[in-house]
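The structure appears right after this line, and notes come after that.
Numbering (our numbering), first residue to last: 358 to 707.
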């Protein structure tokens, strides 16, 4: 019985992995993030190794991670990632997460790519470049909330009770659940309980402790931030040209679409007019056919009347001939009788 239960559990787990892999397989064409630094015990499972759910590999620097990759950061360990849209993420100890599918933006630049990670347990710090505010699209998804970046530095925690806590140190963050959304401003904290309800949290000693632990990381990022800012400034002119080209192309496509719609309308009108003309032709043909049928009926009736008149005249002629013949016969009979009477009279005289 135990073997059956274990087999059922394995098949169920495999089925879930198959579904997850099938949903992500189409997107596994490029990497979403690369590993910057690994401290101590960090394991991962590649997206394509979904069926090896029991097998985890040691993660090392410079590894490129695709959507669907699973990560486990052990006790007293740490992981730093850089997503291709320029977002840096520091994963703290005792954390489990998954690299989610990204989505390309209108601009070809990776900075415009929408990206996210799924945090099921533990803690992450998210840092974006100030110059990319309003451009960067990055979210941290938890079992009961989504934290979307609107600023440059924020923290997300998920505890064993599946409660989510969001803290903002720079800028603002939009936190949403299934039914509602809240803006968390700088130095504010927000909790989302297991049921998905929002709860306010006051600043305390724990916040200061958290900031102290991440301060060295922020110091290390200063050079990276300045480098990214220069890179972004250099690219802004290209982005502007690309945006103008895109807008011009969209306007041209819109005009072509409108022209095509107008052409369709004209064609529809022509088709309606043709249908009306065809209907008129059909009605005209129908009237002609009916008129021809009437003429044929009249001709047939005239022919019938003529034939009838001929038959009547012929019958009258036959009748007259018969009458004449009967008259001739009567005259002949009378003549014969007169001849016989004359002969008899002559006999009497003798």
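Quick reminder that beta carbons are idealized off the backbone N, C-alpha and C, glycines included.
Query	Result
Straight-line Cα distance separating residue 500 from residue 383	Residue placement at residue 383 cannot be trusted, given a pLDDT of 35 that sits under 50; what the coordinates show is reported in the next sentence. Roughly 24 Å separates the two Cα atoms.
Beta strand (DSSP E) runs contained entirely in the region 512-581, provided each spans 3 or more residues	521-527, 530-533, 538-541, 546-549 and 555-558
Close Cβ partners of residue 511 (< 6 Å) along its chain, the five nearest in sequence each way excluded	483, 525 and 530
Residue 631 to residue 639 span [Cα, whole Å]	12 Å
Classification of residue 514 by the beta-carbon crowding that lies within 10 angstroms, buried from 16 upward	buried
With 16 other Cβ atoms within 10 Å as the buried cut-off, status of residue 479	buried
Whole-Å CB distance - residue 421 paired with residue 391, under 8 Å assumed	5 Å
Cβ-based burial, residue 443 [other Cβ within 10 Å; buried from 16]	buried
8 Å Cβ shell around residue 509 - same chain, five flanking residues per side excluded	484, 485, 486, 487, 490, 527 and 528
Length of the line joining the Cα atoms of residue 463 and residue 550	36 Å
Cut-off 7 Å between Cβ atoms - residues of its own chain near residue 596, not counting five sequence neighbours on either side	464 and 466
Among 495, 432 and 438, the one whose alpha carbon lies nearest that of residue 460	495
Identity of the residue in 425, 537, 436 and 523 nearest residue 544 by Cα	523
Cβ shell of residue 498 (< 6 Å), same chain only, five flanking positions each side left out	473 and 475
Cα-Cα separation between residue 555 and residue 507, rounded to whole angstroms	19 Å
Below-8 Å beta-carbon distance, residue 600 vs any chain C residue	The structure shown has no chain C; it contains just one protein chain.
With 16 other Cβ atoms within 10 Å as the buried cut-off, status of residue 452	buried
Range covered by the beta strand (DSSP E) that runs through residue 421	421-423
Closest residue to residue 393 among 411, 419 and 404 (Cα-Cα distance)	419
Rounded straight-line distance, which links the Cα of residue 458 to that of residue 425	7 Å
Spatial distance of residue 609 from residue 618 (CA atoms)	14 Å
Under 8 Å between C-beta atoms of residue 440 and residue 448	no
Coil, strand or helix - residue 625 by DSSP	helix
Cβ-based neighbour list, residue 504, same chain, cut-off 6 Å, excluding 5 preceding and 5 following	497, 513, 523, 530 and 532
Own chain partners of residue 386 with C-beta closer than 7 Å, once the 5 adjacent residues on each side are dropped	Any answer about residue 386 is weak, because its pLDDT of 47 lies below 50 and its placement is not dependable; what the coordinates show is given next. Cβ neighbours of residue 386 beyond the five flanking positions: none.
Nearest candidate by alpha-carbon position, reference residue 433, set 427, 450 and 423	450
Extent of the continuous beta strand (DSSP E) run through residue 453	452-456
CB contact flag (residue 414, residue 400, <8 Å)	yes
From 574, 637 and 520, residue whose alpha carbon lies closest to that of residue 552	520
Backbone secondary structure at residue 398 - three-state DSSP	coil
Bridge-paired residues (DSSP) for residue 493	DSSP, once it has assigned bridges, lists no residue as partnering residue 493.
Local conformation of residue 484 per DSSP, three classes	strand
Whole-angstrom distance between residue 411 and residue 370, CA atom to CA atom	Legend: pLDDT at residue 370 = 48, less than 50; position of this residue unreliable, value from coordinates given subsequently. Cα-Cα distance, rounded: 11 Å.
Length of the line joining the Cα atoms of residue 580 and residue 574	11 Å
Paired residues, beta bridge with residue 440 - DSSP	390
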